[in-house]
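S.K.: When the letters of the sequence shown are read in order and numbered with my numbering, they come out as residues 1 to 582.
Before I ask anything, let me first share the structure, which is written out below as structure tokens.
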Amino acid sequence: MKRFLILLLISFQGLMAQVQFEAKVSKNTLGLNERLRIDFIMNVDGDNFDQPAFEGFRVTAGPSQQVSQSWINGRSSFQKIYSYILQPAQKGNLTIKQASIEYNGQIYKTAPIKVVVTNAVAQERDPNDRPQGSGNEMLNLVAEISKTNPYLNEPITVVYKLYFMNIGVTGFKELAKPKYNDFWNQNIDIKQLSIEEGSYKGQRCYFVILKKTILYPQKSGNLTIEPLSLDIGVQLPTNRRDMFGQMVLTDDNKVVSAGAKTINVRPLPESSKPEGFTGAVGKFNFTVSPSKTTLKNGESLDLVVSATGSGNMKLFTLPKPVVPNALEMYDPAHDESVTTSLSGMSGRITDKYTIVPQYKGKYAIKPMQFSYFDLSSGSYRTITSQEIMVDVLDGPMQAEANATASAAKNVISKTDQFKYIKPKTTLTAIAKNDFYGSNLYYGLLFAPFIILPIIILAKKKKEALDGDVTGNRIRMNNKLAKKYLSEAKKHLNNKEPFYIALEKAMHNFLKAKLHIETSEMSKDNIRELLLSRNANPEAVQSFITLTENCEFARYAPASSASIQQDYDKAVLIISELEKQIV
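Structure representation (structure tokens):
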């Protein structure tokens with residue numbers, strides 16, 4: 001009987017025990033290359049455990065289950081734990097959603113947990129990693145920078161190398177691309193990845209070059225290059241061997257980061273800067289050459305202004321020639337023949353002006369000066385062209401043409417002397433109309449009966465519009481897209497405000513058509529949504545490419561012609577997608 005009472009008491013205590021089910025994480029803030037441990041802990045033996053989707057994370061281990069039960073001073077305690085090791089797949093504020101269990105017919109859920117994922121951080125070893133094998137494995141991603149204290153617009157290179165030893169690399173994907181804010185940048189193509197022998201911190205190993213980039217700093221001071229982070233598939237040795245005595249390998253994933261780098265950019269000297277300096281840095285030759293110097297009436301000449309050499313070829317403007325008023329000069333045709341390698345940009349840039357003489361005579365095109373900063377000597381150099389004489393053999397003389405124009409302007413025809421005097425007039429009698437019975441009287445009399453129904457209908461329509469939250473957001477985004485597109489058109493001659501307005505117009509167009517927010521505007525998500533709405537793949541790719549180029553174009557020089565082309569291209573792409581999206 002006593003034993004029966006004890007069992008009854010224990011059962012009653014178990015029924016009265018409060019069910020606890022909670023989730024705990026090892027840290028709430030971690031880097032992109034770190035791992036996170038999450039435990040789902042319950043104090044009862046719950047059934048039908050349902051894990052969350054772990055959006056924004058990749059499960060690298062788990063679930064592992066632990067069960068413990070103890071008796072202390074006649075009281076029992078029970079605990080069951082489901083554990084996972086998670087790897088962040090993206091940066092930002094992520095949320096681990098609710099897990100659930102079922103106990104005695106009731107559903108219990110954990111509270112959501114917010115986790116902040118930052119840029120990759122420097123670390124020796126992730127505490128959640130469990131190394132296997134001999135412990136001599138190496139896997140490091142390094143960003144090798146050619147120079148950390150360059151001048152403004154001096155080229156530097158960043159080469160990303162992956163060093164490894166006693167580890168098999170099966171593939172990789174980018175988790176975070178490096179960002180080169182305040183740098184003009186261009187990637188150098190790597191045709192084929194090749195494994196080479198080298199050393200890292202005095203230790204012999206292998207390496208592979210993953211990425212090469214050439215940078216031109218566009219701002220002085222301390223500039224930061226945000227890190228490249230990779231998720232690498234690896235094969236790790238274990239302590240086990242197969243039946244033939246060979247070591248057994250296990251597949252795993254490792255996240256590595258090159259770490260952020262700081263570049264101290266020196267400004268160009270101000271005290272000795274020549275007048276008319278447009279930012280050329282490197283080593284250049286400068287020439288000004290006319291297609292001909294002797295012209296007949298109605299003929300034209302081409303004046304070619306060019307700079308050749310190596311330096312920031314795409315990041316400065318050539319000087320503009322000054323010609324006499326008797327020579328009419330048209331806007332130049334700009335041409336670039338530039339190649340980019342790890343040593344920087346080199347080649348030729350040209351402005352070709354078409355000049356048409358108006359009168360007979362000899363005219364001088366003044367010498368032109370081109371200044372650049374020579375990196376080898378650390379000083380400014382100036383090249384001056386020769387004066388060019390243009391001889392126009394025939395046509396009207398400038399003095400005669402001016403006299404003829406002046407005489408024609410002052411001669412008044414006799415027939416036009418009294419043109420503005422009217423010989424006849426029409427008199428109108430003054431009439432006085434009474435207000436009573438007039439059109440205005442009846443208009444004011446019946447106006448309330450017309451206006452009141454209009455006000456009631458307008459009020460109902462406004463209430464319906466105010467209640468349509470989604471529709472209002474779409475209409476607002478449409479309005480913003482048109483506003484920023486119009487603003488971009490106003491700034492066709494001002495590069496940076498133009499590209500900022502153009503990028504905002506394209507983003508608001510997407511918000512209006514796809515019903516998405518700014519946080520959802522990843523390249524893959526935009527492509528998937530547009531294609532699912534029957535958009536043409538070529539138009540989708542053109543839209544994404546133009547959006548990516550907007551930020552790049554702010555720091556690269558652009559002519560009015562190229563800005564106009566980008567505007568026309570944006571209008572065309574938006575029009576096409578407007579017709580295609582269903």
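Beta carbons: idealized from backbone N, C-alpha and C, even for Gly.
#1: On the criterion of 16 or more Cβ atoms from any shown chain inside 10 Å, does residue 449 qualify as buried, or is it exposed?
#2: If you measure between the beta carbons of residue 397 and residue 359, is that distance less than 8 angstroms?
#3: For the alpha helix (DSSP H) holding residue 319, just list the boundary residues, first then last.
#4: DSSP beta-bridge partners for residue 252?
#5: Between the segment 192-207 and the segment 150-169, do three or more beta carbon pairs fall short of 8 angstroms?
#6: Ordered along the chain, which non-local residues of its own chain (more than five positions away) have a Cβ less than 7 angstroms from that of residue 569?
#7: Hey, does residue 24 have any beta-carbon neighbour from chain C nearer than 8 angstroms?
#8: Apart from the five residues just before and just after residue 81, which ones in its own chain have a Cβ nearer than 6 angstroms to its Cβ?
#9: Output the boundary residues of the alpha helix (DSSP H) element that contains residue 393.
#10: Runs of 3 residues minimum, wholly inside the segment 505-542: which ones carry the beta strand (DSSP E) assignment?
#11: Going by DSSP, name the residue or residues bridged to residue 205.
#12: Under the three-state reduction of DSSP, which class applies to residue 121: helix, strand or coil?
#13: To the nearest angstrom, how far is it from the Cα of residue 131 to the Cα of residue 63?
#14: Please specify which runs of the beta strand (DSSP E), each continuous and at least 3 residues long, are wholly inside the segment 271-341, giving them in chain order.
#15: What did DSSP end up calling residue 30 once you bin it into helix, strand or coil?
#16: Assign residue 331 to buried or exposed, taking buried as 16 or more other Cβ atoms, counted over all protein chains shown, within 10 Å of its Cβ.
#17: Any idea what DSSP makes of residue 160, helix, strand or coil?
#18: Starting from the Cα of residue 173, find the closest Cα among 90, 297, 36, 492 and give me that residue.
#19: Quick one: what's got a C-beta closer than 6 angstroms to residue 305's C-beta in the same chain, skipping five residues either side?
#20: Let's see if you can read the secondary structure: which residues bound the beta strand (DSSP E) around residue 88?
#21: Within 10 Å of its beta-carbon, does residue 578 have 16 or more other beta-carbons around it, so buried, or fewer, so exposed?
#22: Could you give the DSSP three-state label for residue 269: helix, strand or coil?
#23: Identify, in the order they occur along the chain, each residue of the same chain with its Cβ nearer than 6 angstroms to the Cβ of residue 542, setting aside the five sequence neighbours on each side.
#24: Look up residue 166 in the DSSP assignment and say whether it is helix, strand or coil.
#25: With DSSP as the reference, label residue 347 as helix, strand or coil.
#26: Alpha carbon to alpha carbon, how far is residue 256 from residue 93?
#27: Is it true that the CB of residue 158 sits closer than 8 angstroms to the CB of residue 113?
#28: Where does residue 577 fall in DSSP's three states?
#29: Do the segment 374-382 and the segment 333-343 touch if we need at least three Cβ pairs shorter than 8 angstroms?
#30: Work out the CA separation of residue 346 and residue 337 for me, nearest whole Å.
M.R.: To lay it out plainly:
#1: Exposed is the call here.
#2: yes
#3: Unbroken run through residue 319: none, as it is neither H nor E.
#4: 234
#5: Between the segment 192-207 and the segment 150-169 there are three or more C-beta pairs closer than 8 angstroms, enough to call the two in contact.
#6: 546
#7: Here there is only one protein chain, and chain C is not present.
#8: 39, 41, 66
#9: Where residue 393 is concerned, there is no enclosing alpha helix (DSSP H), given that its DSSP letter is neither H nor E.
#10: none
#11: 198
#12: In the three-state DSSP reduction, residue 121 falls in the coil class, being neither helix nor strand.
#13: In this prediction, residue 131 has a pLDDT of 41, which is less than 50 and means its spatial position is unreliable; nothing more can be read from the coordinates.
#14: You should have 282-290, 301-311, 327-329, 333-341.
#15: strand
#16: exposed
#17: strand
#18: 90
#19: 288, 318, 351
#20: 75-88
#21: exposed
#22: Looking at residue 269 - three-state DSSP - the assignment turns out to be coil, as it is neither helix nor strand.
#23: For residue 542, where only same-chain residues beyond five positions count, the Cβ hits under 6 angstroms are 573.
#24: coil
#25: strand
#26: 21 angstroms
#27: For residue 113 and residue 158, no; Cβs fall outside 8 angstroms.
#28: Looking at residue 577 - three-state DSSP - the assignment turns out to be helix.
#29: no
#30: 9 angstroms
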